[in-house]
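Chains as they are written, first to last, in my numbering: chain C, 74 to 683; chain W, 77 to 375.
Input: a single structure, listed below in C-alpha cells.
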Amino acid sequence: MKSKISCFKGVIMRRDWRFLIGICVVLTLFLYYRGVHRIHQAMRWSIGGAKNGYWDEKVGVLSGFSMESTVWVVALVAIVSALVCFHYLFDKRGIQMLHALPVSRTQLFVSHYVDGMIATLLPIFVNMIWMAAVLKKESLVQISCLYYGELMLAGFLFYSMMVLLIMICGVSFLPPILFLIFNYLYIGLLLMVGDMCQRMIFGFYQIELGSGDGYMEKLYMFSPLKYMSSAMGITQLESGKLVFVGEKLTWCYGVAAIIMVILAYVAYCRRPVESWGDFLTKPWLKVFFSLGITGCAEIIVFLVILRVEQSTRTIATVGKANALVVAVTTLGLYYVVSMIVRKTVRVWRKKAVYIPAIVMAIVLGGSIFVVQGQAKRYETAIPKADEIEAANVNVNMLFSEGEKVQTIEDVRALNKIILEQKSYIQNCGSTRLYNVEFHYIRKNKTSVWRRYAIPFVPQKVHEKNSLEYAIDKYFNRFEQVPAQPFKQKWDTVELFKNRKGESEKVAELPPMEMKEAILEDIKDGALKPLYFDAVENEIPGKNILVIKMPTCGYCYYNSTEFDGVDISNYEETVSQMTLRFNANCSHILKVLEHYKISLKELNEGSYVTY
Amino acid sequence: MIQVRNVVKSFDGSQVLRGTSLHVKKGNIYGLVGPNGAGKTTIIRHMTGIYREDAGEVLIEGEPIWENVAMKQRIAYIPDDIFFFTGATLKDMRKFYKALYPSFDDELFEKLEQFFPKIDKKRKIKSYSKGMQKQMAFWLSIACKPEILILDEPVDGLDPVMRKQVWSILMNEVAQRALTVLVSSHNLRELEDVCDHVGIMSEGSVILERSLAELQDNTLKVQMAFEGEEPDFTDMPEIIHKSKAGRVLTLIIKGNSAQITAKIEAKKPLFYDLLPLTLEEIFIYELGGKDYEVKDILL
Chain C
74 MKSKISCFKG VIMRRDWRFL IGICVVLTLF LYYRGVHRIH QAMRWSIGGA KNGYWDEKVG
134 VLSGFSMEST VWVVALVAIV SALVCFHYLF DKRGIQMLHA LPVSRTQLFV SHYVDGMIAT
194 LLPIFVNMIW MAAVLKKESL VQISCLYYGE LMLAGFLFYS MMVLLIMICG VSFLPPILFL
254 IFNYLYIGLL LMVGDMCQRM IFGFYQIELG SGDGYMEKLY MFSPLKYMSS AMGITQLESG
314 KLVFVGEKLT WCYGVAAIIM VILAYVAYCR RPVESWGDFL TKPWLKVFFS LGITGCAEII
374 VFLVILRVEQ STRTIATVGK ANALVVAVTT LGLYYVVSMI VRKTVRVWRK KAVYIPAIVM
434 AIVLGGSIFV VQGQAKRYET AIPKADEIEA ANVNVNMLFS EGEKVQTIED VRALNKIILE
494 QKSYIQNCGS TRLYNVEFHY IRKNKTSVWR RYAIPFVPQK VHEKNSLEYA IDKYFNRFEQ
554 VPAQPFKQKW DTVELFKNRK GESEKVAELP PMEMKEAILE DIKDGALKPL YFDAVENEIP
614 GKNILVIKMP TCGYCYYNST EFDGVDISNY EETVSQMTLR FNANCSHILK VLEHYKISLK
674 ELNEGSYVTY
Chain W
77 MIQVRNVVKS FDGSQVLRGT SLHVKKGNIY GLVGPNGAGK TTIIRHMTGI YREDAGEVLI
137 EGEPIWENVA MKQRIAYIPD DIFFFTGATL KDMRKFYKAL YPSFDDELFE KLEQFFPKID
197 KKRKIKSYSK GMQKQMAFWL SIACKPEILI LDEPVDGLDP VMRKQVWSIL MNEVAQRALT
257 VLVSSHNLRE LEDVCDHVGI MSEGSVILER SLAELQDNTL KVQMAFEGEE PDFTDMPEII
317 HKSKAGRVLT LIIKGNSAQI TAKIEAKKPL FYDLLPLTLE EIFIYELGGK DYEVKDILL
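See the structure below:
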C-alpha cells in the first residue's frame, strides 16, 4: 500500500546517486574554492594586522562576490543533473524497462526530479551554512545568505527549466541546446529585431545591451542566465556597507520555476514512450518549433542579405535595400539552408514549412518597402516637439551634456540637421565614425532613441554648411564649460614646454589672469574639443599649461583637451588640470607675451590641426 | 487473465495495431506468433503498461494495466532487448527488483542459482554476453514470483541446453503455481512444444486465436493419388492450398477430420494419407496471401 500513496521511490532515487554524488562533490568544492576558501585565505593574511582588519578582509573578499561564473557553473550542474536523472528517457531500452516496472509515472518523475534538485542545491546550501559559520558577523551572514539564496534560486530555476525541456525532447543533445537558446531568447530577439529594424530604417546597426535604461534592465530578466550572471552580486557602497545587488523581482524566477515543474510533470505523465528518438515528443510542439525556427532562420538570412547590401558602418547604402530582391533572396536562401538542414539533421522529416517561410519573406520584404517609403520623410522619425517632455543628446561619451543647455528645440534641431545631411553621410566614405545618440522622453513616459553613426572629417569643422560645423557649434558653446573648475580659486598655473616626450617647466604664470584668458579663448572658439582620442594622439602636445586648484572631482570641458582632473593621481587636497593651447588662443598668448615668453622660443606651431 | 480488446495504436500517423483483440486464460502458456512487423512487440508493450492505447482497452483481471502499479507488481516482463543499469551487478539488480516486487522470493532466487552456474552475482552485468544477460533476466523474473510472465523472444541468444533449462523452469512454475505466460517468438517448433494456446497476428490484428490442439485438429494436410483424372473437390470444406507432384496430390484443408476423411474416401483414391500440420505450417498457410505469397514453398 505504501507504494500507492508515496510519490517517492527510494530504490529509484538511490540509483541516480551513483553519478550524482560526483556532481555534488565537484560543485561543493567549486563553491568552497570561490567562497569559504577565499575568506580563510584572507583571514590568514590578516593575522597580525589591525584588530578591525580581521573583518575588513572578509568584507573585501565578499565585496568581490559576483554571480558571473558561479551562475554558469550552477547552470551547468543543473543541466548535467537533469540529464543524469532523466537520461533513461533518451534510451529506448531504459525507458521501456522503467515504465514496465511497477512504478507510477508520478513516482518516477518525483523521485528523479528530487534527486537532481538535491544534487544541484545541496552543495550551495552546504556552502551557505559553511560561509555563515565562518563569517559569524550578523550583517555579513545576511549578505552571504542572500548571495547563496540567489544561487539556490538560480539552481532551482535552471534545473526546472532543464527538466521541462527534457520532457518535451526525445533526443539527449537537444535540451541543453534549447536551454541556452531559451536563456538568451529575449536578448537574441532584441538584437535580431533591433538589428533588422535599424538596418531597414537607418541602414546601419547600433544597439548596445544594458544601455542604462532601468526599464530595459528589468526586461533582461527574460534571459535569466544572462541576467543573473551579469546583474547580480555583492558590492560595496562608498560608505563601506556591503549590499547584494539584484532585482527585487527575482522572486518571479521562483514562481516561474514552480510553473515549469508543474508543466514538466504534466508533460511527463503524458509523454508517449514511443516518442523516444523524436526531436520533440508532442506533434503540436513540432509545428511550434518549426515555425519559430523558420522565423528566426529567415530573419538571420535576411540580416545577412542586408549586411551584404549595406556595408557595415559605412552608411553608404542607407535605405537602398531593394524590398523585392531581399524578399526573394531571403526565401531562396532559406530554402537552400532548410534543405541542407533537413538532409543532415532531419529537423523536419516530412515537409518543410514552406507557407510560413513565404509569409515571413513577404512580411520582411514588405517591411522594407513600407519603411523606405517612410524613410523618404526621414524627419518624421523625430517625435514632435509638443509630445516631448525631455530630450538630450550624447556623443560617444566625449562630450558632457552640459548644464541645462540642451533644450528640446536644440536637440531636435541637431537631429534634423543630421537627417538633412543624409546624402553627405551616405557618400562621405570616411572610416572615422562616431556615434550620436538622441534620447527623447515623451509626455506619456515612453522613450524614443535615435542613434546615428556619423563620419567625422576634421577639416570640415570650419565649413559653415558642414555637419561637422553643426556638431562643433552645438557642443562647443561657451555655456557648456563646466563651472566647477572655473569657479574655484586657482592655486598655480605653470607653463611647460614639451619636447620629444620630456616636459620642461618654462614659467609660472599669474592664476587670475590666466583664468580670464583661457575663458576668453574658449568663448572665441579658439580652444576647441578634440573629438577623438585618435586625433589627440596624432597631435604632438607641445605646450601645456598645468593648473592646480583645490579638489574638484572629475570634470571635463567637452573633450579631452582639458585632461581629466584626477584627484587620486595627485595629492588629496589639490587637483591638477592640464590644458594644451595653440596659436589661435590670442588671449593666452597675450598674457605670455606680457611675461616675455615668445611662441618662437616655445617652438609653437598650430596646435589644433583642424 | 489478460484481455486485449480492439486496441488501436498509431505511430507517426501509421496504424500499427488495428483493433487487436486477444484473450489469455490463467495458467495458460500463450504463444503469440506473426510475421515481422505484425505488431507483436507493440501489443506486448501495451500489456506491460509501456504504451498507452489510442483506442480499445488492455485489462488484466478486469483492470486496466496503464499506470496500475498494483497490477504491474503481478507481471514480469522480459523484453527482446534487455536493459540493466550501467555498472549494476546481479546483486544490485536483485535489491532493485526486491524493492519493487513485494512477492520477490529470496529463497527461490538462491534456489535458482543451481540452474545458472556460470553467473557471478558480483560481476557487472554489462560484462556478460547477451545470452548470459538473458539468463539473468529469467533468474530475476522468476524470483519475482509474478502471476503473469510476458516474454518477447525469450530464448533468442540462448544455447540449446540453456533453452531447454529455461523452458523446463517455466513449465515447472506453470505447473506449480498456475503462472500465466505470454510468449512471442519466431521459433515455432519450440512454441509448439510448450504452448497450449496460440494467437497469430498479421498486419496489426490477431487473425487466429485457438488452442494448439484445436488448431492442429482443424487444419489437415492430405496426400493422395487417383487413377486417371483428378476428381472435383468443390464439395470439400475450405481448401487453403493445393499442389501436385507427379500423381501425388496434396491438399491443405480446413475443417473436421472425420468429414474430410469421409469425403475423400468417397472419391476412391488409390491411396490417401491424413497428416497433422505443424505450427510452422499452420502459420505459413494462415498467412498465405496475407503477408506472404506462400505458394509451394513448403511442399
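Backbone N, C-alpha and C fix where the C-beta goes; we use that ideal spot for every residue, glycine too.
No experiment lies behind these values; they were computed from the predicted model shown.
The segment 167-249 of chain C contains, as complete alpha helix (DSSP H) runs of 4+ residues, the segments 178-208, 211-241 (chain order). Excluding residues up to 5 positions away in sequence, W203, M204, V207 lie with their Cβ nearer than 6 Å to the Cβ of V109 of chain C in the same chain. Straight through space, the alpha carbons of L336 of chain C and T179 of chain C are spaced by roughly 13 Å.
In the DSSP secondary-structure assignment, N467 of chain C is bridged to C:E510. Short of 6 Å from the beta carbon of A599 of chain C, and not among the five residues preceding or following it, lie these beta carbons of its own chain, in chain order: N657, C658. The alpha-carbon of S520 of chain C is positioned some 6 Å away from that of Y513 of chain C.
Of the other Cβ atoms in all chains shown, fewer than 16 fall within 10 Å of the Cβ of M585 of chain C; this residue is therefore exposed.
Assigned with DSSP and collapsed to three states, W522 of chain C falls in strand. Excluding its 5 nearest sequence neighbours in each direction, Y161 of chain C has C-beta neighbours in its own chain below 7 Å: G167, I168, L171, listed in chain order. In the DSSP annotation of this structure, the continuous segment of the beta strand (DSSP E) that includes A152 of chain W starts and ends at 151-154. Against L176 of chain W, the close residues of chain C are V84, L174, P175, V176, in the order they occur along the chain (beta-carbon pairs closer than 7 Å).
Of the candidates C:I498, C:Y105, C:M433, the residue whose Cα lies closest to the Cα of N200 of chain C is C:Y105. The residue among W:L264, W:P307, W:K174 with its C-alpha nearest the C-alpha of I276 of chain W is W:L264. For Q79 of chain W, the enclosing beta strand (DSSP E) starts and ends at 78-87.
Rounded to whole angstroms, E133 of chain W and V318 of chain C show a C-alpha spacing of 58 Å. Neighbourhood of Y153 of chain W in chain C, by CB distance below 7 Å: A173, in chain order. Annotation: I152 of chain C to T101 of chain C spans about 16 Å, alpha carbon to alpha carbon.
E229 of chain W carries a coil assignment under DSSP once its states are collapsed to helix, strand and coil.
Here T403 of chain C is buried, its C-beta having at least 16 other C-beta atoms within 10 Å. Residues L364, T367 of the same chain have their beta carbon placed closer than 6 Å to that of P429 of chain C, with the five preceding and five following residues left out of the count. Where L296 of chain W is concerned, the enclosing beta strand (DSSP E) starts and stops at 295-301.
For F317 of chain C, DSSP records a beta bridge to C:I307.
Distances from the alpha-carbon of Y341 of chain C to those of C:P175, C:F182, C:I544, C:L230 put C:F182 closest.
Going by C-alpha positions, N332 of chain W is about 9 Å away from L296 of chain W. Counting C-beta atoms within 10 angstroms of its own C-beta, A342 of chain W has fewer than 16 neighbours from the protein chains shown and is therefore classed as exposed. Checking the DSSP bridge columns, you'll see M277 of chain W partnered with W:V282. At a cut-off of 3 residues, the continuous stretches assigned as beta strand (DSSP E) that sit fully inside the segment 237-276 of chain W are 256-260. Residue contact with chain C for G115 of chain W: absent (no Cβ-Cβ distance below 8 Å to any residue of chain C). About 16 Å separates the beta carbon of A304 of chain C from that of F231 of chain C, a gap too long to meet the 8 Å contact definition. Taken residue by residue, none of the segment 224-241 of chain C has a beta-carbon sitting less than 9 Å from a beta-carbon on chain W.
Of all residues in the segment 343-358 of chain C, only P345, V346, E347 place a beta-carbon less than 8 Å from a beta-carbon of chain W. Across the structure, A526 of chain C and S136 of chain C are spaced so that their CA atoms are roughly 38 Å apart. In this structure, the beta-carbon distance from F103 of chain C to Y220 of chain C does not fall below 8 Å. By alpha-carbon distance to D293 of chain W, the top candidate from W:I329, W:S260, W:A131, W:S278 is W:I329.
Residue state for Y105 of chain C is assigned as helix, using DSSP reduced to three classes. The CB of G167 of chain C comes closer than 7 Å to the CB of F159 in chain W, given here in chain order.
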